[in-house]
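Each remark here refers to the structure printed beneath this line.
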Amino acid sequence: MRVAAPNNQHKPARATHNRCCKPATRTRTAARPRVYAAATSDKTQQGTMSALQSLRSTLVTLFRSKSLAGESAAAAAVATRLKVEDLVQIRDLVMGSKGDAESIGAEKDAANADALLDRQAFGNICQRLGVSEDSRISALYDNMDKDHDHKVSFRELTTVLTTLVSGTNEAAVEFEFSLWDRSGDGNLDREEFSRYIVSTSRANGSLLSNEALKRISNDLFTELDLDGNESIDLAEFKKGVLKVQTATGVSTNAVAAADEINPSERSVYEFLGSRMPLSAGDVVKAATMNKEESSFFFIAKGKATLTYRGIDVHSGDGSKPKSAMLGVCLAVLPNDQVAVRADTDCELIEVPVTSLSELALNGHAGAVVVYEHIGKIMYDMIEPLDNRVAEAFKNGEKDLAENLQEWTGYLRDAMRDFALQFHSIGSKGKIAVQPTKSVGDSASLSIAYSPGVAEPCLAIKENPDLSYEYTSRGHLVGVISNGTAVLGLGNIGALASKPVMEGKAVLFKTFGGVDSFDIEVDESDPDKFIEHVVAIAPTFGGINLEDIKAPECFYIEPEIQRRVSIPIMHDDQHGTAIIAGAGLVNALHFAEKDIGDVKIVVNGCGAAGYTVARHFIALGVKPENLVACDIDGVVYKGRTDLEEDPNLYLHNIATTNPARTLAEAVEGADAFVGLSVPNILTPEMLLSMKKSPLIFALANPTPEIRYALAKATRPDVIMGTGRSDLPNQINNVCAFPFIFRGALDCRASAINEEMKMATTHAIADLAKTDPTRPFSPESIIPLPRDPRLLYHIAPAIVEAAQKTGVARIEVNVDEYRAKLEREMKVKMGDILQ
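Residue numbers for the sequence shown follow full-length UniProt numbering, beginning at 1 and rising by one.
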């Protein structure tokens, strides 16, 4: 995405337009000072973050103002006895870390002792910032005055402002709790909770009377006081903040059509957006809408279509929020050729890209999700456009083809820019370390570190298995690579592979609840790489090897496993094989064929292709019925390279079949599995296959044969790809997070073939029982986000590990399955934690 405003040469002067291309009438959904108000990452924190919005949003407005050093800042400085440069310092400070704030603040204290606020001066600045309620001003001042000297120093001010403006949601929730814990005992009594309810509700626009709010407060207090001790602790407070917002009638400027959208994402549209009503047939040029900066557009209601040079390129429906974003395309130049056509009466919400970017840079969960959606929309648009370009050229429609090709080029440029922006928003990269124990005081620090940390060290020395009890090892996986075979990029080296490895760590946590971090080893020598991995193995409960080229990977994985007692898996090999195996089992059900009778062609004999072939044979495919092909054609016994190297791994899948080319191998085959190059499987080859052919075209992003072309050539084809926008996505994420979760939870010493086979059958069975969609040739694989994957695959892994003797602790599989199911429901928000 291009987050900067378009260059002036691409932005024609605004002109008068007729009905066909009229200026848009826009109504701001919320005043601009509320832009940064709703920085919430999940629904249990939404109410508390809303409670902070009055102060937080106005602080951000002031401290990020471009004119901060101007007259308004000078006036604020006079009112508070802070110098203008002090306020400028604060503005810069709140964009940094809390530690920086405290450090710089301490220096400021020493150098500028008169920069202190008494209660009256503090009240003055709060009034200027839009916080007018006395009880809230008093609570804020008391919270800031940590040393109780009745003065708020520069350090105290910057520390609290940093927490409010750029701190984590967790920190903001804890701040709000401490704000109303006037007694400082770590609990809210009924009176303190009542003050919180009334003040928060007033600050956020509730129209209820004080008496009504106090009654609600009393009822909520009783409900939240789970242990009945007439006080609410921080944990109980966190669980109930959403109820507070709902019960007190705090108003929100909701996006009516966005019920399916995550609340934090919805807040982006509500607080950043400008509403734009259109009548059916209206056409509004992007250049008209984007007067000062690039924007994307969300359809709040109705239907609309994005056009380029008068050609429809993307349509959206406000009743289907996940497809309602006309998005980033309007931030792609040249805007004078881009327009939106209202297909029905509709309402668009314009969100400035620069404002979205700034919000995302400060870690707003909803803004980050919007970025993700924009990227997916662009990605999903590419293949259909490529198909239209090919069809237009085929039909002799040269102008149409060239215009679509031009638009596709803009999209690809935008995708490249977007990918770079996405990786830089907020905290750079995709992973971070989050402590699980508080060390906020000297007592807890002495337990977490010296001298208390000596006790678990000595215990582990005596009994190494206690490392699973006293450290993170039991839920920690290392993602380790040397960068020699990264996606479709090839040997790009260890450092360049880091974004991929970080992404893998994110998937482990998101889907399997497994902590993970990446290690990139700058070593291409297999034996030296093995030495490095074995040496650091004590850190982890399991190791996921990633993006290591063949044939070295076939030596590296088993050798590391032989030398360590934790599970090792090279996901590029086994993850793809496991998912493809599940797809094969279910596809044969619809094709009404027996696995022992089918003829299968595997094209591509790298890490994934070779292992897919071996896994299919383990599933029941007869070795003589499987033909593997690589860049030199069919892999057959007696081929020159096999004769020259008796240890070459390809001997294990070499065939005696007389076929020598891919076309010859495919003729009369029941299935084709491609892990190779785009467009290598032709329509003629597909026509030569048997009835109901199975095609797994897994080259990414362009498969061995395009989905639409395969369906047009053979309507009876059962097809899967590696793409998320097409049916039957063969995606490793359906397997590896849950395999490692199960292996870790039973402390398995290895991931063996029985565990991999158990995963294949668990995935195949899940596709047959999906409550959200019928089992059909278009749904032979579960969706990657199917929540059932966790509590079906992990227990299957544990059961297989126990049966084969690699589990080091006994786990009741039924109880374990129930535990994981509850864990997933909690994660999805079905029940309160």
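For each residue, glycine too, the CB sits at the ideal point set by N, CA and C.
Item: Nonlocal neighbours in the same chain, by C-beta distance under 8 angstroms from D632, ignoring five residues either side; Value: R639, D641
Item: Residue range of the unbroken beta strand (DSSP E) whose run includes F696; Value: 694-697
Item: Three-pair Cβ contact test at 8 angstroms for the region 728-739 versus the region 770-781; Value: yes
Item: Helix, strand or coil at D542 according to DSSP, with G and I counted as helix; Value: The identity of residue 542 in the sequence shown is Gly, whereas the question assumes Asp. G542: strand per DSSP, three-state reduction.
Item: Proximal residues to S315 (C-beta, below 6 angstroms), its chain only, five neighbours per side dropped; Value: T305
Item: Residue burial classification, L681 (beta-carbon count within 10 angstroms, cutoff 16); Value: buried
Item: Contact between the region 642-655 and the region 602-615 (3+ Cβ pairs under 8 angstroms); Value: yes
Item: Three-way DSSP call (helix, strand, coil) for C734 in this model; Value: helix
Item: Given 8 angstroms, three or more beta-carbon pairs between the region 546-559 and the region 480-488; Value: yes
Item: Inter-residue Cα distance where the pair is residue 850 and K819; Value: Lying before the first or after the last residue shown, residue 850 is absent from the chain, which here runs from 1 to 833.
Item: N544 and V479 closer than 8 angstroms at C-beta; Value: yes
Item: Selected residue, minimal CA-CA separation from residue 835, among T510, G512, A494; Value: Nothing can be reported for residue 835, as the shown portion of the chain is limited to 1 through 833.
Item: Given 8 angstroms, three or more beta-carbon pairs between the region 390-410 and the region 732-746; Value: no
Item: Nearest-angstrom Cα separation, counted from L476 out to D515; Value: 5 angstroms
Item: Neighbourhood of I809 by C-beta, 7 angstroms cutoff - its chain only, sequence neighbours within 5 removed; Value: C746, R747
Item: Selection from G281, K690, G742, P678 that minimises the alpha carbon distance to E592; Value: K690
Item: Cβ pair A459, Y449 closer than 8 angstroms; Value: no
Item: Three or more C-beta pairs below 8 angstroms linking the region 217-224 and the region 187-197; Value: yes
Item: Three or more C-beta pairs below 8 angstroms linking the region 800-817 and the region 748-767; Value: yes
Item: Alpha-carbon spacing of L766 relative to H792, whole angstroms; Value: 8 angstroms
Item: Spatially closest choice to residue 855 from D417, V340, L400, A360, by CA coordinates; Value: Residue 855 lies beyond the residue range present for the chain, which begins at 1 and ends at 833; the question has no answer from this structure.
Item: S120, buried or exposed, once every other Cβ within 10 Å from all chains shown has been counted against 16; Value: Note that residue 120 corresponds to Gln in the displayed sequence, not to Ser. It is exposed - the Cβ of Q120 has fewer than 16 other Cβ atoms within 10 Å.
Item: Test item: CB-CB of L790 and M757 under 8 angstroms; Value: no
Item: Given G541 as reference, the closest of Y555, I530, E559, F517 once Cα atoms are compared; Value: F517
Item: K301 classed as buried or exposed, judged by whether at least 16 other C-beta atoms fall within 10 angstroms; Value: buried
Item: DSSP state of A300 mapped onto helix, strand, coil; Value: strand
Item: Assigned secondary structure, residue 852 (DSSP; H/G/I helix, E/B strand, else coil); Value: Any answer about residue 852 is impossible in this case: the structure gives the chain only from 1 up to 833.
Item: Assigned secondary structure, C629 (DSSP; H/G/I helix, E/B strand, else coil); Value: strand
Item: Cβ neighbours of G581 in the same chain (closer than 6 angstroms, five flanking residues each side left out); Value: H615, L619, T760
Item: T344 versus P277 - alpha carbon distance; Value: 11 angstroms
Item: Proximity to Q561 [Cα-Cα], best of G575, L272, V533; Value: V533
Item: Contact check, residue 834 vs A654, beta carbons under 8 angstroms; Value: Nothing can be reported for residue 834, as the shown portion of the chain is limited to 1 through 833.
Item: Identified DSSP bridge partners for S295; Value: P352
Item: Distance between G281 and F672 (C-alpha atoms, nearest Å); Value: 47 angstroms
Item: Inter-residue spacing [alpha-carbon to alpha-carbon] between L226 and N187; Value: 13 angstroms
Item: Bounding residues of the alpha helix (DSSP H) (the contiguous stretch that carries D527); Value: 526-536
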